[in-house]
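Respectively, the protein sequence lines represent chains Z and B. Residue numbers 1 to 353, in full-length UniProt numbering, belong to the letters of the first sequence in order. Residue numbers 1 to 353, in full-length UniProt numbering, belong to the letters of the second sequence in order. For reference, the structure discussed in these notes is given below.
2 protein chains.
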Amino acid sequence: MVTSGTPEKDTRTQTVLRAEDPRSPATISDVARLAGVSKTTVSHVLSGRRPVSDATRAKVNRVIEELGFQQNFFATGLTGRRTQTIALVVQDLTNPFYPALARGLQQTMAEHGHVVLLADVGAGVPPVGAFLSEAVQRRVDGVVVAAIDISDEQIEPLRAAGIGVVTVGDPRRRTTTDVISSDDERIAADAVAYLHDQGHRRLGIVSGPPHTAPGAPRLAGYRNALRAHGLRPLKAAETTGDWTRESGAKAMTALMDLERRPTAVFCANDLMAIGALDAARVLGLAVPGDVAVVGVDDIDAASLVSPALTTIRVPAQDIGRVAGEQLMTRIGTPTGPARRVLVQHSLVVRESA
Amino acid sequence: MVTSGTPEKDTRTQTVLRAEDPRSPATISDVARLAGVSKTTVSHVLSGRRPVSDATRAKVNRVIEELGFQQNFFATGLTGRRTQTIALVVQDLTNPFYPALARGLQQTMAEHGHVVLLADVGAGVPPVGAFLSEAVQRRVDGVVVAAIDISDEQIEPLRAAGIGVVTVGDPRRRTTTDVISSDDERIAADAVAYLHDQGHRRLGIVSGPPHTAPGAPRLAGYRNALRAHGLRPLKAAETTGDWTRESGAKAMTALMDLERRPTAVFCANDLMAIGALDAARVLGLAVPGDVAVVGVDDIDAASLVSPALTTIRVPAQDIGRVAGEQLMTRIGTPTGPARRVLVQHSLVVRESA
DNA sequence: AACACCCCGCAAACCGGTTTGCAAGCAAGG
DNA sequence: CCTTGCTTGCAAACCGGTTTGCGGGGTGTT
Numbered sequence: 001m002v003t004s005g006t007p008e009k010d011t012r013t014q015t016v017l018r019a020e021d022p023r024s025p026a027t028i029s030d031v032a033r034l035a036g037v038s039k040t041t042v043s044h045v046l047s048g049r050r051p052v053s054d055a056t057r058a059k060v061n062r063v064i065e066e067l068g069f070q071q072n073f074f075a076t077g078l079t080g081r082r083t084q085t086i087a088l089v090v091q092d093l094t095n096p097f098y099p100a101l102a103r104g105l106q107q108t109m110a111e112h113g114h115v116v117l118l119a120d121v122g123a124g125v126p127p128v129g130a131f132l133s134e135a136v137q138r139r140v141d142g143v144v145v146a147a148i149d150i151s152d153e154q155i156e157p158l159r160a161a162g163i164g165v166v167t168v169g170d171p172r173r174r175t176t177t178d179v180i181s182s183d184d185e186r187i188a189a190d191a192v193a194y195l196h197d198q199g200h201r202r203l204g205i206v207s208g209p210p211h212t213a214p215g216a217p218r219l220a221g222y223r224n225a226l227r228a229h230g231l232r233p234l235k236a237a238e239t240t241g242d243w244t245r246e247s248g249a250k251a252m253t254a255l256m257d258l259e260r261r262p263t264a265v266f267c268a269n270d271l272m273a274i275g276a277l278d279a280a281r282v283l284g285l286a287v288p289g290d291v292a293v294v295g296v297d298d299i300d301a302a303s304l305v306s307p308a309l310t311t312i313r314v315p316a317q318d319i320g321r322v323a324g325e326q327l328m329t330r331i332g333t334p335t336g337p338a339r340r341v342l343v344q345h346s347l348v349v350r351e352s353a
Numbered sequence: 001m002v003t004s005g006t007p008e009k010d011t012r013t014q015t016v017l018r019a020e021d022p023r024s025p026a027t028i029s030d031v032a033r034l035a036g037v038s039k040t041t042v043s044h045v046l047s048g049r050r051p052v053s054d055a056t057r058a059k060v061n062r063v064i065e066e067l068g069f070q071q072n073f074f075a076t077g078l079t080g081r082r083t084q085t086i087a088l089v090v091q092d093l094t095n096p097f098y099p100a101l102a103r104g105l106q107q108t109m110a111e112h113g114h115v116v117l118l119a120d121v122g123a124g125v126p127p128v129g130a131f132l133s134e135a136v137q138r139r140v141d142g143v144v145v146a147a148i149d150i151s152d153e154q155i156e157p158l159r160a161a162g163i164g165v166v167t168v169g170d171p172r173r174r175t176t177t178d179v180i181s182s183d184d185e186r187i188a189a190d191a192v193a194y195l196h197d198q199g200h201r202r203l204g205i206v207s208g209p210p211h212t213a214p215g216a217p218r219l220a221g222y223r224n225a226l227r228a229h230g231l232r233p234l235k236a237a238e239t240t241g242d243w244t245r246e247s248g249a250k251a252m253t254a255l256m257d258l259e260r261r262p263t264a265v266f267c268a269n270d271l272m273a274i275g276a277l278d279a280a281r282v283l284g285l286a287v288p289g290d291v292a293v294v295g296v297d298d299i300d301a302a303s304l305v306s307p308a309l310t311t312i313r314v315p316a317q318d319i320g321r322v323a324g325e326q327l328m329t330r331i332g333t334p335t336g337p338a339r340r341v342l343v344q345h346s347l348v349v350r351e352s353a
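Written as structure tokens, this is what we have:
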């Protein structure tokens, strides 16, 4: 600001009406004084917990406007019950599934005027317990848990504190919280049905760890679907990976070594499917000519590999959205039976099958 | 606890010493009463702002332990200055660069006992202004801005509120805040040097938007490097994309249409480079045989495409770490000259060049 | 005119900490 | 024996809101 210097004090802010110290934010007392009413009345205007006459309300609102008054977050939190804050705990942000989930959740919560605390607990920093206890201390309204490593016991303190909890991705294990997840058995069934449609009769699977969340149901769905189509699940054609690309390549190699090798392979996620493509290339097998491959998730990379991956799309962002909506209703009614929501998937046909 | 029932009141929690309501958390008054001292003394034990005798401190600490007392976040925040909270504003979580950044930042902040508020402002929800004002209201200690859409004017209120600000990725535009970024001119120079080493003499570029953050310096670096190697930058061989895969394909097609078409193309990010690979495939050109391609970022997908992308790796997670460290020192000393930190990149040679 | 009732606003207590001013206890110094 | 100064702890005010109990004034009923 290039002006002639005023020797005394510069009035650099434009808050004309502020009577006291112009640099600290306006308080409810300032509003009350300038509006000629009591703090109580201002508070009632703000919260609407008791009726206030139109004239008074208008006057108060005008002063609030002029002063740019905002309620002090901490003063409100000291007595109030809600903090308009939720926490999101994810397993590993570098896995593309979670950022998409986070984005959907964050948008939904923002629409409801809530703010999101984020913790990626995959690397052990912060420790799960420490973060959850922070969340309790900060009186978050709710928590979305999208991290398979977290047990019911670790969640218990949240529920004890009256905090809404929604978990993502583990429909069998959680008995006490709302759960949002993909319909994992049907995902596997749909993949098998598609491959069967394409004429494949000898199928194999690269499953996830068989006792964890999406691993078990996808394996079960695969087996059931085979039987439903009159095929017999062969133990030999069931391999296991740990969701990584490398494990997928290894499992695929094993499958291709079989006497009667499968003509189509269902991989329980895209990263392992991409690994399977790696293995096929190394072995000199054409995809889908010699062997077809189907994945699950539809991560961005699925369309980048060559051949582009046919996959079952699991809409992570929508899951985040749904988790947010569910959390909002859960915050409203903390008790009540746990709800399970299955989010719809869809088949994305590309080149690999 | 299986004991004979005491008819009067059940002591279901194990907090033997709690006198009052056993279900609401312990307060500092509880601690004071049980320790036989005043609130003041307990507060001093907690904060260490005044000396307390060893005996008293031990006694107080024991009671704190027994009660599981934790300071009320809101009561502390009402008077105290620090909230152990920072905000992270990112442009678009579905761009793999940002989750990696977020992870690094979050880990660093967790090590310092801070919690991260996350906002993805790419979709306009929440609006930037609204989120930043929320951050001010919640008295965050600092903000990391990793969103190119945010202007200095929008950041000003933060600085006015004494909040530390660190921006990521825009070393020229920000004059008032600390900036962490990649060394974009040298990234381009290194890419050009590598291609020159490989014998390429006719180069082209798919640049980013020429007036935005990493777009301009990478283009400038490319031009300067050409001259440094005795080559003349050709306007015709300078195309522009908007960081997306599709725009990269389009730009590449234009380059390949040139009379004297480049034998090597530098793409200002990986997504556009992948688009360039798409275009080359469509045109029936072999990479790197007919034309070499180099990208920037080293996103996960870079190793998935075929041919695998040779690229300049920009360590997003490290940038997050560095931003966190810088923010911590900035929180400690709010004033002082703005600092710029350039994070080291590295060349990752794969198949495309 | 008397009574009940509702509407509206205020003063004061309270949430759970932090911070300040003061004083008692004690050891060292003169 | 009397200062001086340091250590240690307390009571009370304060941060900025929310909530409760109460009373004055206006309206409707009998």
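A virtual CB, placed ideally from N, CA and C, is assigned to each residue, including glycine.
Exclusion of the five residues before and after R82(Z) leaves D141 as the residues of its chain whose Cβ lies within less than 7 Å of its Cβ. Excluding its 5 nearest sequence neighbours in each direction, R232(Z) has C-beta neighbours in its own chain below 8 Å: L226, listed in chain order.
About 7 Å separates the beta carbon of V144(Z) from that of V168(Z), a gap short enough to meet the 8 Å contact definition. Contacts with chain Z at 8 Å (Cβ-Cβ) include F73(B). Counting C-beta pairs closer than 8 Å gives three or more between the segment 79 to 95 of chain B and the segment 145 to 163 of chain B, which meets the contact rule.
Within the same chain, and ignoring the five residues on either side of P288(B) in sequence, the residues whose Cβ sits closer than 6 Å to its Cβ are S352 and A353. Interface residue (Cβ-Cβ distance to chain Z less than 8 Å): Q326(B) is not classified as such. For G68(B), the closest Cβ of chain Z is not nearer than 8 Å. DSSP, reduced to helix, strand and coil, places E351(B) outside both helices and strands of the structure shown, so it counts as coil. Distance from the CA of E246(B) to the CA of T240(Z), rounded to the nearest whole angstrom, comes to 36 Å. Residues of the segment 304 to 336 of chain B whose Cβ lies closer than 9 Å to any Cβ of chain Z, in chain order: L304, V305, S306 and Q317. Contact note: V116(Z) reaches chain B through L117, L118 and A119, using a C-beta cutoff of 8 Å and chain order. Contact between the segment 178 to 187 of chain B and the segment 156 to 163 of chain B is absent, with fewer than three C-beta pairs closer than 8 Å.
The segment 273 to 280 of chain B and the segment 249 to 256 of chain B touch, with three or more beta-carbon pairs separated by less than 8 Å.
Given a length threshold of 4 residues, each whole run of the alpha helix (DSSP H) inside the segment 96 to 150 of chain Z is given here in chain order: 97 to 111 and 128 to 137.
When rounded, the separation of the alpha-carbon atoms in E134(B) and T244(B) is 31 Å. Three or more Cβ pairs closer than 8 Å define a contact, and the segment 60 to 80 of chain B meets that threshold against the segment 71 to 82 of chain Z. Looking at D318(B), G36(B), D270(B) and E325(B), the one whose alpha-carbon comes closest to that of D298(B) is D270(B). Rounded to the nearest whole angstrom, the C-alpha separation of A301(Z) and A237(B) is 29 Å.
Close partners of I274(Z) in chain B (Cβ separation under 8 Å): L304. In this structure, G320(B) lies near R103(B), with their beta-carbon atoms less than 8 Å apart. When rounded, the separation of the alpha-carbon atoms in T27(B) and A26(Z) is 29 Å. Between the segment 340 to 349 of chain B and the segment 187 to 202 of chain B there are three or more inter-stretch CB-CB distances shorter than 8 Å, so the stretches are counted as touching. Inclusion of A273(B) and G221(B) in the CB contact set at 8 Å is not warranted, their separation being larger than that value. Restricting attention to beta strand (DSSP E) runs no shorter than 3 residues, the segment 255 to 314 of chain Z encloses them at 264 to 267, 292 to 297 and 310 to 313, ordered along the chain.
Apart from sequence neighbours up to five positions away, the residues of its chain that approach A264(Z) with a beta-carbon distance below 6 Å are L195, H200, L203 and A292, ordered along the chain. Looking at the backbone, the Cα of R218(B) and that of A268(B) are separated by about 7 Å. Taking a contact as a CB-CB distance under 8 Å, the pair R340(B) and V179(B) counts as one, their CB atoms being some 5 Å apart. When Cβ-Cβ separations below 8 Å define contact, E238(B) makes no contact with chain Z. Here R340(B) is bridged, per DSSP, to V179(B). DSSP lists R313(Z) as the beta-bridge partner residues of S346(Z). Within the segment 177 to 210 of chain B, contact with chain Z at the beta-carbon level (separation under 7 Å) is assigned to no residue. Here P51(Z) is exposed. Its C-beta has fewer than 16 other C-beta atoms within 10 Å. Taking a Cβ-Cβ threshold of 7 Å, the residues of chain B close to T94(Z) are P99, A100 and R103, in chain order. In this chain, V45(Z) is not harboured by any beta strand (DSSP E); it is covered by the alpha helix (DSSP H) spanning K39 to S47. In this structure, V166(Z) is the residue among V125(Z), R57(Z) and V166(Z) with its C-alpha nearest to the C-alpha of R330(Z).
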